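Below is one structure, written out as structure tokens; comments come after it.
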Amino acid sequence: MRPMRSTPPGRQRDKRPDPAHSDSASASGQSGVSNGVQFLTVPQELEGQRIDNYLQARLKGVPRSRVYRILRKGEVRVNKGRVKAEYRLKAGDVVRVPPIRTSEQPQQAVAGEQLRRVLEQSILFDEGGLLVVNKPSGLAVHGGSGVRLGLIEALRQMYPESPFLELVHRLDRDTSGAIMVARKRSVLLHIQKALRSSGGVGKSYLALTIGKWPRGRKLVEAPLRKNTLKSGERIVVVDGEGKPSQTRFQVEERLPGATLVSAEPITGRTHQIRVHAQFVGCPLAGDSKYAPDEVNSEFRAVGLKRLFLHSQNVRCTLPDGRKVDVTAPLSPELEAVLDRMREQG
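When you read off a place in the sequence shown, starting at 1, and then add 26, the result is the number in our numbering.
Have a look at this one:
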């Protein structure tokens, strides 16, 4: 599918607006602040969101109990009327937010020019409220746990006029490839609902596994459970008391000491493909968590410096019925590894 892009705003507008003002400014320019009171106009992209969640996203550092208190006391008004916490916003609603002290937030890391250029070149699809990005390996999808800047934070800085940008699903930090980001709340809810249903959304990965993948082994069913080691490291293990998990595997190419496979997770558990491959006896090459160090060192000799797991393709249907089918090309780095291994064969 030919990429459809909306070019990020020019550098003179790189600074992302304060979230407390971004809705009204981007929607209709009807924002105003009087004696600390804010009037925010709800854009189309946020229609259907509960008022309590809307306020929580804009009043950073304010306890949720405080948000409910100002709603109960009527300090928050929608179209000049009182509303309950479960009220769902409509496009064009004007929300009155009272003066409220928020805790100071750590200064957010700023996406550098190099990262911006990489991401601008990695936009595979941008249409109908859905963005598909070919995420580079090593970039977390969001900040937190020692990560100051992730993919979603960088995209929000690149698209400051977009009132809504949220991850539809996630990828491990070391996994590269296609990831979906919603630019409309309706698109987010629609695709996430499809993700919960069987066959509603398709995600295919390309992986290099260590050793010979067993012939005829196309479906791996093994329950998975998250576990924390004494060192504090979090891993996923196959455990009878874990959550049911299924992955389809297909051999694409047999190489010296390895097998290139495509993998399609039926369920969406953490590290599912990586642990299911390990369970079969063929962990992923370059996997520092689930593959032996001595074997990974052999793959480093052919230039593999990262986990060989790539989100190759995503498929879904937009709320208006349009079909989306996007393929993310493999990085030159991983292509070079495959070429060297073919030469050895």
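C-beta atoms are modelled at their ideal positions from N, C-alpha and C, and glycine is treated no differently.
Computed from a predicted structure; not experimentally measured.
Is residue j closer than 8 Å to residue i when the C-beta atoms are compared?
i	j	result
residue 175	residue 159	no
residue 235	residue 311	yes
residue 113	residue 121	no
residue 338	residue 203	yes
residue 367	residue 306	no
residue 73	residue 182	no
residue 190	residue 71	yes
residue 197	residue 173	no
residue 142	residue 184	yes
residue 276	residue 257	no
residue 233	residue 284	no
residue 177	residue 195	no
residue 230	residue 278	no
Taking only beta-carbon positions, decide if residue i is within less than 8 Å of chain C.
i	result
residue 353	The question asks about chain C, but that chain is absent: this structure has only one protein chain.
Below 8 Å on the Cβ atoms is my guess for residue i versus residue j; work out the distance and round it to an integer in Å.
i	j	result
residue 115	residue 68	5 Å
residue 187	residue 208	Contact flag wrong, Cβ pair sits at about 16 Å.
residue 124	residue 102	7 Å
residue 269	residue 295	6 Å
residue 87	residue 348	At roughly 39 Å, the Cβ-Cβ gap does not stay under 8 Å, so residue 87 and residue 348 are not in contact.
residue 280	residue 292	The Cβ separation is near 24 Å, so there is no contact.
residue 149	residue 109	With 8 Å as the limit, residue 149 and residue 109 do not qualify as a contact, their Cβ atoms being about 38 Å apart.
Which residues bound the alpha helix (DSSP H) around residue i?
i	result
residue 73	Where residue 73 is concerned, there is no enclosing alpha helix (DSSP H), given that its DSSP letter is neither H nor E.
residue 302	298–306
residue 79	77–84
residue 322	319–326
residue 91	90–98
residue 363	358–370
residue 376	Only positions 27 to 371 of the chain appear in the structure, and residue 376 is not among them; the question remains open.
residue 178	177–184
With a 10 Å radius around its C-beta and 16 neighbouring C-beta atoms as the bar for buried, classify residue i as buried or exposed.
i	result
residue 119	buried
residue 371	exposed
residue 309	buried
residue 336	buried
residue 282	exposed
residue 254	exposed
residue 91	exposed
residue 320	exposed
residue 300	buried
residue 117	exposed
residue 200	buried
residue 271	buried
residue 313	buried
residue 50	With a pLDDT of 43 at residue 50, under the threshold of 50, the modelled position of this residue cannot be trusted; read the value that follows with caution. Under this definition residue 50 is a buried residue.
residue 361	exposed
residue 84	buried
residue 332	buried
residue 55	Note that residue 55 scores 34 on pLDDT, short of 50, meaning its location in the model is unreliable; the coordinates nonetheless yield the value given after this. Looking at its Cβ environment, which holds fewer than 16 other Cβ atoms inside 10 Å, residue 55 is exposed.
residue 179	buried
residue 140	exposed
residue 147	exposed
residue 60	Bear in mind that the predicted position of residue 60 carries a pLDDT of just 36, short of 50, making it too unreliable to give a figure here.
Over what stretch of residues does the beta strand (DSSP E) that includes residue i continue unbroken?
i	result
residue 291	284–291
residue 151	149–153
residue 341	335–343
residue 279	272–281
residue 66	63–67
residue 251	250–254
residue 219	First-last for residue 219: 211–222, but that is the alpha helix (DSSP H), not the beta strand (DSSP E).
residue 232	228–236
residue 161	156–161
residue 123	120–123
residue 205	202–208
residue 261	260–264
residue 330	Per DSSP, residue 330 belongs to no beta strand (DSSP E) and is neither H nor E.
residue 247	245–247
Inter-stretch contact (C-beta, 8 Å, three-pair minimum) for the segment 243–255 and the segment 209–227:
no
Touch check for the segment 347–361 and the segment 151–169: three-plus C-beta pairs under 8 Å?
yes
Below 8 Å, can you find three or more Cβ-Cβ pairs linking the segment 334–348 to the segment 223–232?
yes
Using 8 Å as the Cβ pair cut-off and three pairs as the minimum, do the segment 259–272 and the segment 323–332 touch?
no
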